[in-house]
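Letter 346 of the sequence shown, counting from 1, is numbered 355 in my numbering, and no numbers are missing.
Below: one structure, written as structure tokens.
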Amino acid sequence: MQYKELDINSIIPYLKGVDEVMDYFDSDDLKANEIGDGNLNYVYLVSSISDSNKALIVKQAVPYLRCVGEEFALSRERMTYEIRALTKFKQIAPDLVPKLYHVSEDMSILVMQYLDKHIILRDGLTDAKRYPNLSEHISTYLAQTLFKTSSLYLDSTSKRKLIDEFNSNTELCKLTEDFVFTFAYMQNETNDADNIKDNPLAKELFSDMEFKEKVLDLKYKFMTSSDALIHGDLHTGSIMLNEEETYVIDPEFAFVGPFGFDIGALIANLVNNYVHHTIVTKDEDFKDYLLGTIKETLELFESKFLKLWEAQKDSALLIEGYIDDETAQNYREKFLKRILKEAVGFAGCKMARRVFGVAGVAEIRGIEDKQLRADAEKLVLKIAREFVMKYEKIDCIEQILEIIKVNSAR
Ligand code: ADP
Ligand code: SR1
Ligand code: MG
Numbered sequence: 010m011q012y013k014e015l016d017i018n019s020i021i022p023y024l025k026g027v028d029e030v031m032d033y034f035d036s037d038d039l040k041a042n043e044i045g046d047g048n049l050n051y052v053y054l055v056s057s058i059s060d061s062n063k064a065l066i067v068k069q070a071v072p073y074l075r076c077v078g079e080e081f082a083l084s085r086e087r088m089t090y091e092i093r094a095l096t097k098f099k100q101i102a103p104d105l106v107p108k109l110y111h112v113s114e115d116m117s118i119l120v121m122q123y124l125d126k127h128i129i130l131r132d133g134l135t136d137a138k139r140y141p142n143l144s145e146h147i148s149t150y151l152a153q154t155l156f157k158t159s160s161l162y163l164d165s166t167s168k169r170k171l172i173d174e175f176n177s178n179t180e181l182c183k184l185t186e187d188f189v190f191t192f193a194y195m196q197n198e199t200n201d202a203d204n205i206k207d208n209p210l211a212k213e214l215f216s217d218m219e220f221k222e223k224v225l226d227l228k229y230k231f232m233t234s235s236d237a238l239i240h241g242d243l244h245t246g247s248i249m250l251n252e253e254e255t256y257v258i259d260p261e262f263a264f265v266g267p268f269g270f271d272i273g274a275l276i277a278n279l280v281n282n283y284v285h286h287t288i289v290t291k292d293e294d295f296k297d298y299l300l301g302t303i304k305e306t307l308e309l310f311e312s313k314f315l316k317l318w319e320a321q322k323d324s325a326l327l328i329e330g331y332i333d334d335e336t337a338q339n340y341r342e343k344f345l346k347r348i349l350k351e352a353v354g355f356a357g358c359k360m361a362r363r364v365f366g367v368a369g370v371a372e373i374r375g376i377e378d379k380q381l382r383a384d385a386e387k388l389v390l391k392i393a394r395e396f397v398m399k400y401e402k403i404d405c406i407e408q409i410l411e412i413i414k415v416n417s418a419r
């Protein structure tokens, strides 16, 4: 089928031609609402008029960046990578990825399970809601998806095929190179100009050559590593959950990239939330909960990843008989430490980009009181800078928590 940009009126006639969707609804009295709050795409909630329990989510990419408008062209093929990544991640972590009912690369569209009892993690955390299963679930997601798409698990041919399937996601990789690693640390028309004007913090950041040089190293890692299939945009707006269940959505930035990037994105967003509670709510209990979540997620990730690796006899990297057990164990532990370091470096970039760059996050940029917002931005940049400057020296999770706590103490 030839691509056509759908809207609230044309979406239902389109769905009526999709058997899997009509089988799900079992009737054709459907209504649609646009509910997207993301930066890139259109998201519709399609529900049955006669049976309020039946609803699906339809997401379509348009050939431009939604949050800027039609003048910012961005090819709709990004949905091809989202479809492929959701399909792959669903196979690897079935309980943590929504069910797909219909996909079409031609139409740049997908129809998926409506997560009606779940909310966006960022919103929940900003309201100081606790999720007892979050670290368990998200560490499983990270360990499973990163390990099982890496050369530590796959054979060499499968790994290269995976790279072929994903690494033409060039436009979205370029968005990350620009928005996460470059524009947010210099004068650029996409930045938050109102906040940058006469702001000493922006002046300091833009002229901080030590920081910017380290960011270049991390950008280079991002551009050249092919460790595993990563989500590529795993901020707290890409996780929907409740007390029992956790789902990861929106992997359109997926490509075979560095191990530490998704882990770093998650840490960054939890720390930005921690900053929000430090400056705005001053809720010390919730701040402890956030630190506990970071600690637990990283510990569980490491142990799950190691366990998967220990059980894997042969892979592209390592075959049985090549080294003895003790050497293999030491090798694995050192390898995990490198992932942790890299994750901290990426976390620093992912935090800092939210201050002056395009696409701020609600818990920082959305702070209404000007002074409080400035205080929060200052603290975000302080922690982010420490992460970026010190990431190579990080050897354990406790050091990460120390950086967050020490810098937030007043
Ligand atoms: P974008 O690619 O534009 O960032 P997202 O995939 O993040 O779009 O979706 C935008 C919003 O749509 C999410 O923040 C969430 O509120 C809603 N949404 C997306 N997928 C689902 C789903 N499966 N169930 C319920 N709501 C969803
Ligand atoms: C202009 S695109 C801005 C950001 O939105 C996405 O969620 C990614 O984080 C991207 O960098
Ligand atoms: Mg999104």
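In this text, a Cβ means the ideal position worked out from N, Cα and C, and glycines have one as well.
- Item | Best match in Leu130, Ser417, Ile332 and Lys99 for proximity to Leu243 [C-alpha to C-alpha] | Leu130
- Message: Under 8 Å, with one C-beta from each stretch per pair, do the stretch 316-328 and the stretch 160-180 reach the 3-pair mark?
- Response: yes
- Query: With which residues is His111 paired in a DSSP beta bridge?
  - Reply: Val120
- Item | Residues bridged to Ser57 [DSSP beta-bridge criterion] | Leu39
- Is Leu299 helix, strand or coil when you go by DSSP? helix
- Is it the case that the Cβ atoms of Glu351 and Gly269 are separated by a distance below 8 Å? yes
- Item | Bridge-paired residues (DSSP) for Met2 | This structure leaves residue 2 out entirely; the chain is present only between 10 and 419.
- Applying the criterion that 16 or more other CB atoms from any shown protein chain within 10 Å of the CB defines a buried residue, is Arg347 buried or exposed? exposed
- Message: Restricting to runs no shorter than 4 residues, where is the alpha helix (DSSP H) found entirely within the stretch 151-177?
- Response: 165-175
- Task: Write down the C-beta distance between Ser57 and Asp28 rounded to the nearest angstrom, noting that I regard them as a contact closer than 8 Å.
- Result: That pair is no contact at about 16 Å.
- Roughly how far, in whole angstroms, is the beta-carbon of Gly266 from the beta-carbon of Ser234, given that I think they are within contact range, below 8 Å? Contact flag correct, Cβ pair sits at about 6 Å.
- Message: One question on the structure: do Asp426 and Ala64 come within less than 8 Å of each other, judged by their Cβ atoms?
- Response: Here the chain has residues from 10 to 419 only, and residue 426 is not among them.
- In chain order, what residues of the same chain have a beta carbon less than 6 Å from the beta carbon of Tyr53, not counting five sequence neighbours either side? Ile20, Ala41, Glu43 and Val67
- Query: If Phe282 and Leu134 are in contact, beta carbons under 8 Å, what's the gap, nearest whole angstrom?
  - Reply: In the sequence as displayed, the identity of residue 282 is Asn instead of Phe. Contact flag correct, Cβ pair sits at about 5 Å.
- Mind checking Phe360: buried by the 16 CB within 10 Å criterion, or exposed? First, the residue type needs correcting, since residue 360 is Met and not Phe in the sequence shown. The C-beta of Met360 has 16 or more other C-beta atoms within 10 Å across all chains shown, which makes the residue buried.
- Message: So if DSSP puts Leu238 in a beta bridge, which residue, or which two residues, is it bridged to?
- Response: Val265
- Message: Would you say the beta carbon of Asn251 is closer than 7 Å to some non-hydrogen atom of the ligand ADP?
- Response: no
- Message: Quick check: is any heavy atom of the ligand SR1 less than 7 Å from the C-beta of His244?
- Response: yes
- Query: Cα separation between Gly330 and Glu79?
  - Reply: 57 Å
- Query: What is the DSSP secondary structure of Glu254, reduced to helix, strand or coil?
  - Reply: coil
- Segment limits, beta strand (DSSP E) that includes Lys68: Ala64 to Gln69
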